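Below is one structure, written out as structure tokens; the observations come after it.
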Amino acid sequence: MPSFWEKVQVDGQDMDMYASVPSGAGPFNAIVVSQHGGGVDRFIQTMCDRFAEAGYAAVAPNLYHRIPDEVLNGDPRPRPWDVLSDPDIVADINATVDFLRNHPAIDGEKLGITGFCMGGRVAWLGAASNPHFKALAPYYGGNLLVPWGAGTKPPFEMAANIDCPVLFHFGEVDENPSQDDMRKFDAELTSLGKAHQFYTYPRRQPRLHGLYD
């Protein structure tokens, strides 16, 4: 199971991404794994590797590539919504999709997107902004009700643009997204006629990344 780092161009600069692919020639279905607040760290790389073991190519773009190291590694460490902007996130996801759709080892018509905590928000935003995703699976994606940076519309308000089934995972005791948020998302997707299924896990805390299954 090969894993490696790739680079793609976004807005005239390099964006690195972690990639893990199954053994064999493909073409493979592919999953975009959206980073959490810790970036493309060991947890995200491990998730990519696990997808590859299950037969999917998986890539995790580094959404922090525009941010200087001295800012990103400052004390205190900046919060993602203080340094990221929704238009930049969309550009990064679109560049990742273009990379996958043009790669000979990938079936570009069978792409999904997932993400954990912050990455759940990114996954929703990505699926609402790019028509090529065939599945969306956010885990504990908060902050869907507010735009980030230069964004003009919260990802929640872009739900009508999602053209794939949604499998959303929530933590029962989480506050962002809360159970009230879950009911709001459910009502919106239902009113729009979007295929979706929600799971709630008891006592799940989104920052305990070692608990993800």
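Each residue of the sequence shown is one higher than the one before, starting from 31 at the first, in the working numbering. Built from N, CA and C at the ideal position, the CB exists for glycine as well. The structure presented is a predicted model; accordingly, all values stated were derived computationally and were not measured.
Practice task
In the DSSP assignment, find the beta strand (DSSP E) that holds A87 and state where it starts and stops.
Solution key: A87 to P91
Problem - Straight-line gap, T126 to N92 (C-alpha atoms, nearest Å) - result: 10 Å
Problem - Which listed residue (F228, H66 and E139) has its alpha carbon closest to that of L114 - result: H66
Exercise for the section: State the Cα-Cα distance for the pair L175 and P185, rounded to the nearest angstrom. Expected result: 7 Å
Problem - Separation of H133 from Y169, as counted between CA atoms - result: 27 Å
Handout entry: Proximity below 8 Å, CB of F129 to CB of Y86
Key = no
Exercise for the section: Would you mind sorting F198 into buried or exposed? The rule is 16 or more other CB atoms within 10 Å of its CB. Expected result: buried
Handout entry: Beta-bridge partners of K37, as assigned by DSSP
Key = D46
Problem - Three-state secondary structure assigned by DSSP to I143 - result: strand
Exercise for the section: Return the CA-CA distance between L102 and Y94, expressed in angstroms with no decimal places. Expected result: 8 Å
Practice task
Would you mind sorting L222 into buried or exposed? The rule is 16 or more other CB atoms within 10 Å of its CB.
Solution key: exposed
Practice task
For the segment 153 to 167 and the segment 73 to 81, state whether three or more C-beta atom pairs, one from each stretch, are separated by less than 8 Å.
Solution key: no
Problem - Alpha-carbon to alpha-carbon, E218 and I123 - result: 24 Å
Problem - Minimum C-alpha distance to M45 - residue among A121, K183 and A153 - result: A121
Exercise for the section: For D105, name the three-state secondary structure that DSSP assigns. Expected result: coil
Exercise for the section: Let me know the secondary structure DSSP gives T182 once reduced to three states. Expected result: coil
Exercise for the section: Measuring alpha carbon to alpha carbon, tell me which of D116, P207 and W35 ends up nearest A88. Expected result: W35
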